[in-house]
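Residue numbers (the working numbering), protein chains in the order written: chain A, 22 to 134; chain B, 264 to 371.
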Amino acid sequence: NAGVTQTPKFQVLKTGQSMTLQCAQDMNHEYMSWYRQDPGMGLRLIHYSVGAGITDQGEVPNGYNVSRSTTEDFPLRLLSAAPSQTSVYFCASSYQGRYTEAFFGQGTRLTVV
Amino acid sequence: ILNVEQSPQSLHVQEGDSTNFTCSFPSSNFYALHWYRWETAKSPEALFVMTLNGDEKKKGRISATLNTKEGYSYLYIKGSQPEDSATYLCAPGEKLTFGTGTRLTIIP
């Protein structure tokens, strides 16, 4: 049982480049979300999805896009990377969102130079 | 943006001592309150999900209480051990937005 899998684990981008962070879960969870971890800020919610075809913005959505074409996958796209997007990104999933525990991936460390 | 406050921001506790910290949140439109434990260089792991006013949950030496009417939850750790060193996060609300956490360090 793989749980929540994020790829890649590490990535270095140049300013202005685009890329997609992948997140997949094999637990048939409806709710998936993306967070970024910044020093002193804890985990901040970027985007979330309550099911296939449905996405919504979190606390810090600017500069990021998401889509949810399947229950299993929830990719996060950086449209034009900026140094301010240097962070560790976590994907999480849960069976019923707010009412059930979330399971986190191992994180993706992104550096934008 | 949901206003979630956790206090204290950091805490140093002697091994064997008990400790507790607080998560404060708006009492209106309450859905559920999550507690997570986050060790350095790892991913957050769920401790508790609490939904009812007066709820008390326990996992080993760690327990939590919930007061939805006044908007707070307490996390208690009894007889702290070095492996309890971590950041403890709470997340109330609809969208699972987190507070900045309480960083706990156990001094051997």
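Cβ atoms here follow ideal geometry from the backbone N, Cα and C, with glycine treated the same way. Everything numeric in this text was worked out from a predicted model, so none of it was measured.
Is residue i helix, strand or coil by DSSP?
{"i": "A:Gln78", "result": "strand"}
{"i": "B:Pro271", "result": "coil"}
{"i": "A:Gln46", "result": "strand"}
{"i": "B:Arg324", "result": "coil"}
{"i": "A:Asp59", "result": "strand"}
{"i": "B:Pro289", "result": "coil"}
{"i": "B:Glu333", "result": "coil"}
{"i": "B:Glu357", "result": "coil"}
So residue i packs on residue j, CB below 8 angstroms; how close in whole Å?
{"i": "A:Gly104", "j": "A:Val133", "result": "Here the sequence assigns Pro to residue 104 of chain A, which means Gly is not the residue at that position. Rounded, the Cβ-Cβ distance is 5 angstroms, consistent with contact."}
{"i": "A:Leu100", "j": "A:Gly84", "result": "6 angstroms"}
{"i": "A:Met48", "j": "A:Gly74", "result": "Not really, about 19 angstroms apart at Cβ, beyond 8 angstroms."}
{"i": "B:Lys305", "j": "B:Met313", "result": "Actually they are not in contact, since the Cβ atoms of B:Lys305 and B:Met313 sit about 23 angstroms apart, beyond 8 angstroms."}
{"i": "B:Arg324", "j": "B:Ile340", "result": "6 angstroms"}
{"i": "A:Ser108", "j": "A:Leu131", "result": "6 angstroms"}
{"i": "A:Arg89", "j": "B:Leu359", "result": "The pair is not a contact, with the Cβ atoms about 16 angstroms apart (cut-off 8 angstroms)."}
What are the residues that DSSP puts in a beta bridge with residue i?
{"i": "A:Phe124", "result": "A:Ser114"}
{"i": "B:Arg300", "result": "B:Glu308 and B:Tyr351"}
{"i": "B:Arg366", "result": "B:Ser273 and B:Thr350"}
{"i": "A:Thr41", "result": "A:Arg98"}
{"i": "A:Gln27", "result": "A:Cys44"}
{"i": "A:Ser70", "result": "A:Met53"}
{"i": "B:Leu338", "result": "B:Phe284 and B:Ala327"}
{"i": "A:Arg65", "result": "A:Arg57"}
{"i": "A:Thr129", "result": "A:Tyr110"}
{"i": "B:Glu319", "result": "B:Thr328"}
{"i": "A:Gln32", "result": "A:Leu131"}
Would you mind stating whether residue i and residue j have Cβ atoms separated by less than 8 angstroms?
{"i": "A:Ala113", "j": "A:Ser54", "result": "yes"}
{"i": "B:Lys332", "j": "B:Ser287", "result": "no"}
{"i": "A:Thr36", "j": "A:Ala123", "result": "no"}
{"i": "B:Tyr337", "j": "B:Ala349", "result": "no"}
{"i": "B:Tyr294", "j": "B:Leu310", "result": "no"}
{"i": "A:Phe125", "j": "B:Pro307", "result": "yes"}
{"i": "B:Gln277", "j": "B:Thr363", "result": "no"}
{"i": "A:Leu66", "j": "A:Gln58", "result": "no"}
{"i": "A:Glu18", "j": "A:Gln27", "result": "In the structure as shown, chain A starts at 22 and stops at 134, and residue 18 of chain A therefore has no counterpart that could be examined."}
{"i": "A:Thr91", "j": "A:Pro29", "result": "no"}
{"i": "B:Leu274", "j": "B:Leu296", "result": "no"}
{"i": "B:Ile369", "j": "B:Gln344", "result": "yes"}
{"i": "B:Phe284", "j": "B:Tyr335", "result": "no"}
{"i": "A:Glu51", "j": "A:Gly79", "result": "no"}
{"i": "B:Ser281", "j": "B:Gly342", "result": "yes"}
{"i": "A:Leu34", "j": "A:Tyr110", "result": "no"}
Report task. Give, in chain order, every unbroken run of the beta strand (DSSP E) that is at least 3 residues long and sits entirely within the segment 84-111 of chain A. Result -> For the segment 84-111 of chain A, whole beta strand (DSSP E) runs of length 3 or above, ordered along the chain, are 85-87 and 97-99.
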